[in-house]
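S.K.: To convert, count from 1 in the sequence shown and add 3; that's our numbering.
Even for Gly, the Cβ is constructed at its ideal location relative to N, Cα and C.
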Amino acid sequence: MLVEKNVPLQPYNTFHIVAKAFSLVRVTGVDVLDQVLADPELAAQPRFILGGGSNIVLTGDVRSLVLKVEVMGRRVVQETDKGIVIEVGAGENWHELVAWTLDQGYPGLENLAMIPGTVGASPVQNIGAYGLELQDRFHSLDATDLVTGARYTLDAAQCGFGYRDSVFKHPPADAATAALGDDGAPMTGFGLRDRVVITHVRLFLPKPWKPVLGYADLERKMLETGITTPDARQIFDWVCAIRSAKLPNPAVLGNAGSFFKNPQVTREQCDDIIQREPRIVHYPLDNGAVKLAAGWLIDACGWKGKSVGNAAVYERQALVLVNRGDATGGEVMTLARAIQTSVYERFGIQLEPEPVVV
Ligand code: EPU
């Protein structure tokens, strides 16, 4: 196992923020985690788990030991007439996985094309787009506990998925004693942030394949093209085109995707806002609450194109903050806080950032 020192993190975060890791270990397999835990000096250090760096804002150099997950491999582990289970190394690139599944003739992930980041990060924030969330295709995952060294398999319930949320985003109540069930796996309800490393994710692609077409942008594509029964490849191509038109390519313009979650309000709160703001974009949810489009709220406050230093609000989608060149994490967060204040003052709604601030 190699412990690299003073590693530049700019290539490893999609915001392209300049920062370094004092120490970094590349986790190519569970054996590397065993070696980290067996080393008294490394085992005692706080850790930061880095996947594709597509959902983080670095506000300074990282003093914790960075575990960069680079576990590779993808294979079909089960195929029945109900569906296919695919097991994927956490370090694999998410979009390349989606493209690979289609090439193999396994549809089901096409709505999630072009989401930046790694497979291991996909359950952490329960990635979602165009009417589909990771949890809709999730089977189970393998994780290694950084406190006990135990390995376990977690199902969807144990991952505690919510909208852009899971147990992996929340710090443990008490890292040393977070409760383990009889099977050694953590009990639902306890945060696992920086406590476990996800090494493999298994996805379930149901048979027969059914397209997910409810999202407005996809309905528009069907109308424009006259294609009413698209296949998975067609949906993949549409999603790639929609994303390319709306969202900045992180390879060209640093960003972390949507910077805020779409807030949920009660029906009464929504009616109250509609009285004042009749054009507000809102979607009723099955649970009776209403989801508001954060991008619309920010746009309505006039933020498109505005900047703090080199951090700016993307001109074509106000929910995305971008790095116009050498932005610091501090500039990004100053801009984010100014947006939160103005949305709160106008609408009475507190926006919650989506990325993890490091
Ligand atoms: N809107 C505006 N102005 C803007 C941005 C959006 O008026 O500047 C309006 C749009 O016209 C539309 C509505 O807001 O009526 C929603 O916009 P959009 O369809 O672009 O989706 P979103 O709610 O802004 C969410 C996800 C995206 C995901 C898309 C498609 C969140 C936080 N974001 O964005 O996810 O790709 O839906 O499903 O849920 C991400 O998480 O990084 C991400 C990009």
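Straight-line CA distance for residue 270 to residue 79?
M.R.: Here residue 270 is taken as the residue at index 267 of the sequence shown, counted from 1. Here residue 79 is taken as the residue at index 76 of the sequence shown, counted from 1. Cα to Cα, the separation comes out at about 44 Å.
S.K.: Should residue 260 be listed as close to ligand 1, given that the test is whether its C-beta is under 6 Å from any heavy atom?
M.R.: The residue given as residue 260 occupies position 257 in the sequence shown. Because some heavy atom of ligand 1 lies under 6 Å away, the Cβ of residue 260 counts as near it: yes.
S.K.: How big is the Cα-Cα spacing for residue 100 and residue 348?
M.R.: For the purposes of this step, residue 100 is taken as the residue at position 97 of the sequence shown. For the purposes of this step, residue 348 is taken as the residue at position 345 of the sequence shown. Approximately 42 Å, taken between the alpha carbons.
S.K.: What three-state label does DSSP hand residue 359 in the structure shown?
M.R.: For the purposes of this step, residue 359 is identified with residue 356 of the sequence shown, where counting begins at 1. Here residue 359 sits in strand by DSSP.
S.K.: Residues in the same chain with beta-carbon distance under 7 Å from residue 345, minus the five sequence neighbours each way, listed in chain order, please.
M.R.: Locating residue 345 in the sequence shown gives position 342, where the first residue counts as 1. Contacts found: 304.
S.K.: Please indicate yes or no: does the CB of residue 322 lie closer than 6 Å to some heavy atom of ligand 1?
M.R.: Locating residue 322 in the sequence shown gives position 319, counting from the first residue. Yes.
S.K.: Return the chain-ordered ranges of every beta strand (DSSP E) run that is complete within the segment 258-318 and spans a minimum of 3 residues.
M.R.: Entirely contained in the segment 258-318, the beta strand (DSSP E) runs reaching 3 residues are, in chain order, 285-287, 293-295, 314-316.
S.K.: May I have the straight-line CA-CA distance separating residue 320 from residue 44, to the nearest angstrom?
M.R.: As a working note, residue 320 is residue 317 in the sequence shown. As a working note, residue 44 is residue 41 in the sequence shown. Spanning the two alpha carbons is a distance of roughly 45 Å.
S.K.: Between the segment 133-142 and the segment 161-169, do three or more beta carbon pairs fall short of 8 Å?
M.R.: The segment 133-142, when compared against the segment 161-169, does touch it at the 8 Å Cβ threshold.
S.K.: Leaving aside the five residues before and after residue 252 along the sequence, list all residues of the same chain whose C-beta is less than 6 Å from its C-beta, in chain order.
M.R.: Residue numbering aside, residue 252 sits at position 249 when the sequence shown is read from its first letter. Nothing listed; no residue qualifies.
S.K.: Would you give the residue range spanned by the alpha helix (DSSP H) that residue 98 belongs to?
M.R.: Here residue 98 is taken as the residue at index 95 of the sequence shown, counted from 1. Looking at the DSSP string, the run of the alpha helix (DSSP H) that includes residue 98 is 97-106.
S.K.: Can you tell me whether DSSP reads residue 170 as helix, strand or coil?
M.R.: As a first step, residue 170 must be located in the sequence shown, where it is residue number 167. The answer is helix: DSSP assigns residue 170 an H, G or I state.
S.K.: Would you kindly work out how many angstroms separate the C-alpha atoms of residue 30 and residue 6, rounded to a whole number?
M.R.: Against the sequence shown, residue 30 aligns to sequence position 27. Against the sequence shown, residue 6 aligns to sequence position 3. Distance between the alpha carbons of residue 30 and residue 6: 11 Å.
S.K.: Spatial neighbours of residue 32 within its chain, please: CB distance less than 8 Å, with the 5 preceding and 5 following residues excluded, ordered by chain position.
M.R.: The residue labelled residue 32 in the question sits at position 29 within the sequence shown. The residues are 74, 202.
S.K.: Between which two residues does the beta strand (DSSP E) containing residue 156 stretch?
M.R.: The residue given as residue 156 occupies position 153 in the sequence shown. Element bounds for residue 156: 154-157.
S.K.: Might you give, ordered along the chain, the residues of its own chain that have their beta carbon closer than 6 Å to the beta carbon of residue 284, omitting 5 neighbours on each side?
M.R.: As a position in the sequence shown, residue 284 is number 281, starting the count at 1. Within the same chain, residue 284 has close Cβ partners 296, 299.
S.K.: Would the segment 92-109 count as touching the segment 216-231 if we require 3 or more Cβ pairs under 8 Å?
M.R.: Verdict: no, contact absent.
S.K.: In terms of alpha-carbon separation, which member of 127, 113, 328 lies closest to residue 204?
M.R.: Residue 204 sits at position 201 when you count from the first residue of the sequence shown. Of the listed residues, the one whose Cα sits closest to residue 204 is 127.
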